[in-house]
Amino acid sequence: MDTSIIRFENVSQIYDGAGPVLNDVSFELEKGKFYTLLGPSGCGKTTILRLIAGFITPTKGDVYIEGKKVNNIPANERQVNTVFQDYALFPHLNVFENVAFGLRIKKLKKAEVERRVKEALEFVNLKGYENREISEMSGGQRQRVAIARAIVNDPEVILLDEPLSALDLKLRTEMQYELRELQQRLGKTFIFVTHDQEEALAMSDEIFVMKAGEIQQSGTPMDIYDEPINRFVADFIGESNIVAGEMIEDYRVRFANKEFECVDQGLNPNEQVEIVIRPEDLEITSVSQGKMAVTVDTQLFRGVHFEISTIDEVGNEWLVHSTKKAEVGSLIGLDFDPEAIHVMRLNESEEAFDARLESYGAEADEK
Ligand SMILES: Nc1ncnc2c1ncn2[C@@H]1O[C@H](COP(=O)(O)OP(=O)(O)O)[C@@H](O)[C@H]1O
Ligand SMILES: [Mg+2]
1 MDTSIIRFEN VSQIYDGAGP VLNDVSFELE KGKFYTLLGP SGCGKTTILR LIAGFITPTK
61 GDVYIEGKKV NNIPANERQV NTVFQDYALF PHLNVFENVA FGLRIKKLKK AEVERRVKEA
121 LEFVNLKGYE NREISEMSGG QRQRVAIARA IVNDPEVILL DEPLSALDLK LRTEMQYELR
181 ELQQRLGKTF IFVTHDQEEA LAMSDEIFVM KAGEIQQSGT PMDIYDEPIN RFVADFIGES
241 NIVAGEMIED YRVRFANKEF ECVDQGLNPN EQVEIVIRPE DLEITSVSQG KMAVTVDTQL
301 FRGVHFEIST IDEVGNEWLV HSTKKAEVGS LIGLDFDPEA IHVMRLNESE EAFDARLESY
361 GAEADEK
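In UniProt numbering, the protein residues as written are 1 to 367.
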């Protein structure tokens with residue numbers, strides 16, 4: 001069975017005389033998964049959704065839906081619906097009519113419209129709200145009306161453009177669970193856009209990290225968190241310590257004026273690299289027991305942990321998340337496992353990176 005639902009082949013998008021907003025983007029999405037496009041404002045996330053929805057046609061390259069090239073297929077003939085950032089609900093229509101709008105345009109029979117709108121509203125837990133005005137609905141409820149309106153057409157793909165960004169933190173977290181659960185019940189493909197890395201990590205089967213019109217890295221949340229391909233991804237996906245280093249040989253790396261055992265291999269001897277260690281992977285010890293001695297610069301209490309900023313002997317900053325306190329100005333030790341060290345090549349392509357990761361996997365299987 002063909003599981004591919006959306007495919008981009010070398011897609012570039014130029015809106016006007018300015019440079020490309022998307023630059024030679026290729027990817028393939030499978031049916032029934034929750035995908036997230038993650039990246040800073042202006043990197044091209046909405047443009048990708050508009051290309052899938054059919055609101056714009058690509059300047060270069062091809063867009064496929066279920067194996068069929070759709071560059072010139074109009075939006076209303078695609079099995080795709082969008083939930084917009086501002087919901088774009090009709091303020092003068094009640095909840096029922098907002099959800100029914102698209103079905104009425106399609107001139108479906110009255111009984112059919114009623115059945116499908118009811119079903120969609122039940123799906124988003126809004127049974128009984130049919131006659132409410134939009135102005136009487138809370139932010140979270142409006143959100144659910146917008147989702148009901150998207151699913152009532154029974155599309156194969158649902159596009160969600162930063163749908164949670166207008167909600168307060170508590171409601172946003174609730175809606176994250178709700179959306180994820182809804183996607184699993186529907187079994188449809190969701191493509192969700194956000195600039196919030198925690199949201200992306202919590203919700204997605206697969207994340208595409210974007211920067212300036214290009215996909216930097218794609219993979220499961222754990223892949224991307226644990227093995228960021230470059231400084232941008234490491235930095236964007238969570239708080240990280242990123243310092244310059246040098247690969248000495250396979251499984252040995254040098255940084256902060258010391259040599260350490262690591263799990264990376266397949267790089268060139270003496271290759272200049274960047275090292276990532278997550279703050280939660282650093283453990284505070286006595287100076288003699290640590291792998292590295294650092295001076296405590298500042299300390300903040302963050303509720304669950306202390307956020308401790310430290311400086312090593314060559315001036316690198318190391319942020320530590322710890323349940324232990326440290327004394328500002330004191331010299332402490334830091335311990336970490338070889339697995340906590342992530343070695344990043346400078347300017348490695350995603351393909352080369354994947355090939356290198358696979359070769360570790362093969363080696364680990366042999367052991
Ligand atoms: N209709 C348009 N005409 C010209 N430039 C546009 C248009 N839409 C978006 N852009 C530009 O394209 C870039 C990417 O926009 P967009 O895809 O909306 O990014 P994102 O959703 O990631 O914030 C931005 O620099 C934006 O200013
Ligand atoms: Mg956008």
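In this text, a Cβ means the ideal position worked out from N, Cα and C, and glycines have one as well.
As the structure is a prediction and not an experimental result, all values here were calculated from the model.
| request: Answer yes or no: the CB of T59 versus the heavy atoms of ligand 2, is any distance below 7 Å? | output: no
| request: Reducing DSSP to helix, strand and coil, say where D297 ends up. | output: strand
| query | Looking only at C-alpha atoms, which of I56, E133 and A53 sits nearest to L89? | reply | E133
| task | Measure the Cβ-Cβ separation of L167 and G140 and say whether it is below 8 Å. | result | yes
| query | So which residues put a beta carbon under 5 Å from any heavy atom of ligand 1, going in chain order? | reply | Y15, V21, S41, G42, C43, G44, K45, T46 and T47
| message | Could you give the first and the last residue of the continuous beta strand (DSSP E) run that contains K291? | response | Looking at the DSSP string, K291 is not in any beta strand (DSSP E), and its letter there is neither H nor E.
| query | Ends of the alpha helix (DSSP H) at T46? | reply | Per DSSP, T46 belongs to the alpha helix (DSSP H) from K45 to A53.
| said: Nearer than 7 Å: is that true of the beta carbon of E162 relative to any heavy atom of ligand 2? | reply: yes
| message | Please list the terminal residues of the continuous alpha helix (DSSP H) segment that includes D226. | response | P221 to D226
| Can you tell me whether DSSP reads N76 as helix, strand or coil? | helix
| query | Is V193 near ligand 2, with its Cβ less than 7 Å from a heavy atom? | reply | yes
| request: Look up F90 in the DSSP assignment and say whether it is helix, strand or coil. | output: coil
| request: Determine, using beta carbons only, whether L201 and Y177 come nearer to each other than 8 Å. | output: no
| Short Cβ contact (8 Å threshold) for L319 with E327 | no
| task | Would you grab the beta carbon distance between V95 and E130 for me? Rounded to a whole angstrom, and I think it's under 8 Å. | result | 6 Å
| message | Under DSSP, the alpha helix (DSSP H) around K110 begins and ends at which residues? | response | K110 to F123
| said: Since G61 and F8 should fall inside the 8 Å C-beta cutoff, what is the C-beta to C-beta distance between them, to a whole number of angstroms? | reply: 7 Å
| field | 8 Å Cβ shell around P269 - same chain, five flanking residues per side excluded | value | M247, I248 and E249
| request: Provide the residue span of the beta strand (DSSP E) that contains M247, from first to last. | output: N241 to E249
| request: Report the residue from G17, I215, S322 and A75 whose alpha carbon sits nearest the alpha carbon of V304. | output: S322
| Opening and closing residue of the beta strand (DSSP E) in which residue 456 lies | As displayed, the chain neither begins before 1 nor continues past 367, which places residue 456 out of reach and without an answer.
| field | 3 or more residues per run - each beta strand (DSSP E) lying fully within the segment 150–190 | value | As far as the segment 150–190 is concerned, its whole beta strand (DSSP E) runs of at least 3 residues are 157–161.
| message | Using a 10 Å radius around the Cβ and a threshold of 16 neighbouring Cβ atoms, would you call V157 buried or exposed? | response | buried
| If we count the other Cβ atoms within 10 Å of its Cβ and call it buried at 16 or more, is N311 buried or exposed? | Just to set this straight, residue 311 is Ile in the shown sequence, not Asn. That one is exposed.
| I277 bridges to which residues according to DSSP? | N241
| message | In this structure, how does DSSP classify G61 when only helix, strand and coil are distinguished? | response | strand
| request: Could you please give the first and the last residue of the uninterrupted beta strand (DSSP E) stretch that includes F27? | output: L22 to E30
| said: On a Cα-Cα basis, can you pick out the residue from S349, S359 and K325 that is closest to D264? | reply: S359
| said: Tell me which residues share the same chain as K367 and place their Cβ nearer than 6 Å to its Cβ, disregarding the 5 neighbours each side in the sequence. | reply: Note that K367 has pLDDT 49, beneath the 50 cutoff, so the model's placement of it is unreliable and the number below is only indicative. Excluding positions up to five away in sequence, the list is empty.
| said: Residues in the same chain with beta-carbon distance under 8 Å from S288, minus the five sequence neighbours each way, listed in chain order, please. | reply: G333
| message | I'd like to know whether the C-beta atoms of E199 and S218 end up nearer to each other than 8 Å. | response | By the CB criterion at 8 Å, E199 and S218 fall outside the cutoff.
| The beta strand (DSSP E) spanning I284 covers which residue range? | E283 to T285
| task | Tell me whether R7 sits in a helix, a strand or coil according to DSSP, three-state version. | result | strand
| field | Continuous beta strand (DSSP E) stretch holding R104: start and end | value | From DSSP, R104 is part of no beta strand (DSSP E) but of the alpha helix (DSSP H) over V95 to I105.
| query | Going along the chain, which residues of its own chain have a beta-carbon closer than 7 Å to the beta-carbon of N23, five neighbours each way excluded? | reply | S12, G213 and E214
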